[in-house]
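Shown next, in structure tokens, is the structure this report addresses.
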Amino acid sequence: MKISVVYVSRSGNTETAAEFIVDGILAKYPFIQVKQMDIQEKEVDLEFLEASDAVIFGSPVYFTSMSWELKRWFDNSFRINLRDKLGAAFVTAQSPAGGTDTALMEIHRHMLVKGMLVCSGMSGTGHRFQTGAVGIAKCLDESEKEFEDFGAAVAEKLIRTGIQKNPDRTV
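Pasting the structure below:
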């Protein structure tokens with residue numbers, strides 16, 4: 000199984016959150032291959048991304064939406080096949096009232112257009128992630144466990160749903 004964590008980070012907060020997510024996945028499911036990919040650093044490994052069973056997208060919140068860089072990536076990635084992959088989203092913001100919910104929904108909308116199966120990150124009994132994970136910049140370290148739990152919950156959802164890349168499927 001493979002999970003890609005694709006994000007944009009300007010100040011390092013979203014990158015830190017992505018690292019927490021990866022740590023959470025690997026702590027609970029060390030057999031899953033996980034790769035962090037920063038769009039701005041041109042770290043997107045298209046081969047790994049297309050072979051991934053799940054993709055978790057992350058962005059800082061700008062003007063109650065995702066960053067323009069992630070929006071541009073979605074707009075220009077029409078040849079990348081994300082159909083039937085499990086998708087989830089996380090954001091970082093300066094304030095909890097700064098549009099985190101609308102930014103998450105914007106990312107969800109783009110995942111749906113790509114044909115992804117969008118999940119919130121809720122696991123069996125937990126209801127902490129109604130639309131995705133959120134971290135506030137000034138106290139991001141306090142959210143480490145929440146981001147780790149989010150990553151583990153997405154991985155758990157992937158395992159429970161049985162979504163796996165079919166090697167015979169044309170990409």
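The letter at position 5 of the sequence shown is residue 4 when you use numbering that gives the first Met the number 0, and the numbering goes up by one with no holes.
All C-beta atoms in this analysis are idealised placements derived from N, C-alpha and C, irrespective of residue type, glycine included.
On a predicted model such as this, the values are computed, not experimentally measured, just so you know.
Nearest in C-alpha terms to E141, of all of A16, L81, Y6, is A16. Distance from the Cα of F77 is smallest, within the candidate group M36, V112, V5, T160, for V112. Bounds of any beta strand (DSSP E) do not take in V153; it lies within the alpha helix (DSSP H) bounded by 143-160. A132 is bridged by DSSP to F89. Around the beta carbon of L69, 16 or more other beta carbons lie within 10 angstroms, which makes this residue buried.
Comparing alpha-carbon positions, the option among W72, P95, G57, V60 lying closest to K41 turns out to be W72. Residue range 53-59 is occupied by the beta strand (DSSP E) that includes F56. The beta carbon of S66 sits closer than 6 angstroms to the beta carbons of V7, S58, P59 from its chain, once the five residues preceding and following it are set aside; these are given in chain order. Note that the C-beta distance between G150 and V90 is not below 9 angstroms. Residue I2 holds the alpha-carbon nearest to the alpha-carbon of F30 among T101, I2, D44. In the three-state reduction of the DSSP assignment, L116 falls in the strand class, which pools E and B.
DSSP places V4 in the uninterrupted beta strand (DSSP E) bounded by 1-6. Where D37 is concerned, the enclosing beta strand (DSSP E) starts and stops at 32-37. A distance below 9 angstroms separates the beta carbons of V54 and M115. Beyond the five residues adjoining it in sequence on each side, R9 comes within less than 8 angstroms, by CB distance, of Q39, P59, S66 in the same chain, given in chain order. Relative to the Cα of C138, the nearest Cα in the group Q93, I106, T160, S119 belongs to Q93.
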